[in-house]
Amino acid sequence: MELETQTAGALEQAPAQCGYAFDILTLFPGLFDGLRQESLLGKALQTGVVELATHNFRQWATDRHNTVDDEPFGGGPGMVLKPDVVVRCLREVRQKRPGAKVVLLSPAGRLFKQETAVAWAKLPGLILLCGRYEGFDARVEDEVDEVVSIGDYVLNGGEVAAMVIVEAVGRLLPGVIGNAASLNEESHSTALLEAPHYTRPREFEGRSVPAELLSGNHAEIARWRLRQSLQRTRERRPELLAGLDTRAWSKKDRQWWAEQTGEGPATKARPQRVAPGAPDRGAAAPADEL
Ligand code: ADE
357 MELETQTAGA LEQAPAQCGY AFDILTLFPG LFDGLRQESL LGKALQTGVV ELATHNFRQW
417 ATDRHNTVDD EPFGGGPGMV LKPDVVVRCL REVRQKRPGA KVVLLSPAGR LFKQETAVAW
477 AKLPGLILLC GRYEGFDARV EDEVDEVVSI GDYVLNGGEV AAMVIVEAVG RLLPGVIGNA
537 ASLNEESHST ALLEAPHYTR PREFEGRSVP AELLSGNHAE IARWRLRQSL QRTRERRPEL
597 LAGLDTRAWS KKDRQWWAEQ TGEGPATKAR PQRVAPGAPD RGAAAPADEL
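What follows is the structure in structure tokens.
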């Protein structure tokens with residue numbers, strides 16, 4: 357059987373240019389149309405830097421009703437995606453994508469994180485299996501490299517999870533985002549959440565842009581951002597501060613942090629925790645930068 361021709365990108369026209377391929381195995385390929393057409397990723401698809409191909413499981417069904425699911429053995433609600441149909445589809449796609457990682461999306465999977473995106477961006481591509489209904493027959497898992505969840509909640513299917521992965525990985529690929537510096541500054545590129553951003557107008561409904569950002573003093577701006585990052589992380593994601601290393605901080609900053617946390621002078625050295633691929637920024641910024 358032919359690969360479904362729902363491809364965007366230029367693999368057919370210019371295979372040598374196409375650096376990365378996302379193959380989405382789904383019952384609802386139309387859900388990916390928006391992703392193809394809009395955004396920076398859409399542009400990368402048009403130029404052939406990235407390819408996004410969808411494959412409808414239904415095309416690999418063999419009966420006249422194109423059946424893709426069946427009742428679960430042992431009873432219970434919902435339907436289960438048939439292993440024969442899914443595996444036929446997967447094997448055909450996989451055979452055409454040497455080196456691609458096969459990922460099954462499920463709320464019962466390992467958590468997808470920024471570090472996962474960084475690692476997967478180094479591959480030649482991803483084959484993403486999107487489940488619907490009660491999910492896949494368990495034997496499909498024998499054919500995949502990883503089972504991955506995007507978070508501790510249950511979606512109606514894996515398609516939105518696949519889009520999250522395409523976005524997170526796609527934007528790390530050369531030629532997609534265009535501004536490598538902005539990748540490194542972001543939340544989860546470092547161990548801390550990103551500081552808030554402001555643009556014009558300076559005054560909006562009675563709220564002003566913080567004076568530090570208008571000062572033109574780079575050291576002052578850097579210190580303000582670091583402190584905002586720390587405060588934000590402490591408020592919203594305190595668990596990220598578990599391995600915080602304050603050794604390279606100025607005395608003033610250590611004092612400030614001790615006041616924030618109510619812990620007294622923070623002199624204890626602990627190992628720094630930085631996301632893979634991230635520059636050693638933020639909490640470990642040298643004292644003279646602060
Ligand atoms: N399918 C349904 N819920 C999901 C989740 N949280 N992550 C990945 N795939 C899913």
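Heads up, the sequence shown is in this note's numbering, so the first residue is 357 and it goes up one at a time. All C-beta atoms, glycine included, are put in the ideal place defined by N, C-alpha and C. For clarity, every value in this text was computed on a predicted model and none was experimentally measured.
Please indicate yes or no: does the CB of residue i lie closer than 7 Å to some heavy atom of ligand 1?
| i | result |
| --- | --- |
| TYR554 | no |
| VAL424 | no |
| GLY507 | yes |
| SER462 | yes |
| VAL458 | no |
| LEU482 | no |
| LEU511 | yes |
| GLY434 | no |
| GLY562 | no |
| ALA517 | yes |
| GLY465 | yes |
| GLY375 | no |
| GLY390 | no |
| GLY514 | yes |
| GLY487 | yes |
Determine the burial state of residue i: buried for a count of at least 16 other Cβ atoms within 10 Å of its Cβ, exposed for fewer.
| i | result |
| --- | --- |
| GLU515 | buried |
| VAL500 | buried |
| THR555 | exposed |
| ASN412 | buried |
| ALA598 | exposed |
| THR382 | buried |
| THR623 | Any reading at THR623 must be qualified, since the residue scores a pLDDT of 47, below 50, and its modelled position is unreliable; the value itself is stated next. Exposed is the call here. |
| ALA494 | exposed |
| GLY526 | buried |
| THR410 | buried |
| LEU325 | Because the chain is modelled from 357 through 646, residue 325 falls outside the range shown and cannot be assessed. |
| PHE429 | exposed |
| PRO433 | exposed |
| GLY431 | exposed |
| ALA419 | Reading off the sequence shown, one finds Asp at residue 419, where the question assumed Ala. Its Cβ having fewer than 16 others within 10 Å, ASP419 is exposed. |
| THR423 | exposed |
| GLY507 | exposed |
| PRO385 | buried |
| PHE560 | exposed |
| GLY562 | exposed |
| GLN467 | What sits at residue 467 in the sequence shown is Leu, not Gln. Under this definition LEU467 is an exposed residue. |
How about residue i and residue j: do their beta carbons lie closer than 8 Å?
| i | j | result |
| --- | --- | --- |
| VAL459 | VAL504 | yes |
| PRO480 | ALA377 | yes |
| LEU529 | VAL406 | yes |
| LEU408 | ILE533 | no |
| LEU482 | ALA456 | yes |
| TRP612 | THR602 | no |
| GLU651 | MET435 | Examination of residue 651 is not possible in this model, given that the chain is present from 357 through 646 alone. |
| LEU593 | ALA551 | The question names Leu, but residue 593 in the sequence shown is Arg. No, Cβ-Cβ distance for ARG593 and ALA551 is not below 8 Å. |
| VAL510 | PRO463 | yes |
| ALA417 | VAL441 | yes |
| LEU484 | ALA518 | yes |
| ALA400 | GLY531 | yes |
| ALA547 | LEU596 | yes |
How long is the line joining the alpha carbons of residue i and residue j, rounded to whole angstroms?
| i | j | result |
| --- | --- | --- |
| GLY398 | ILE380 | 16 Å |
| GLY375 | PRO439 | 31 Å |
| CYS486 | GLY465 | 13 Å |
| ARG390 | VAL522 | Here residue 390 turns out to be Gly, not Arg, going by the sequence shown. Straight-line Cα distance between these residues: approximately 13 Å. |
| ARG579 | ALA567 | 13 Å |
| ARG610 | GLN584 | 14 Å |
| ALA625 | GLY618 | Here ALA625 scores only 41 on pLDDT, less than 50, and its place in the model should not be relied on; the value that follows carries that caveat. Looking at the two C-alpha atoms, the distance is approximately 17 Å. |
| ASN512 | ARG488 | 6 Å |
| LYS469 | LEU461 | 14 Å |
| LYS478 | GLU502 | 16 Å |
| ARG637 | GLU427 | With a pLDDT of only 37 at ARG637, under 50, the local geometry of the prediction cannot be trusted, and no value is derived from it. |
| CYS445 | VAL565 | 54 Å |
So is residue i in contact with chain D if we call contact Cβ pairs under 8 Å?
| i | result |
| --- | --- |
| LEU600 | The question asks about chain D, but that chain is absent: this structure has only one protein chain. |
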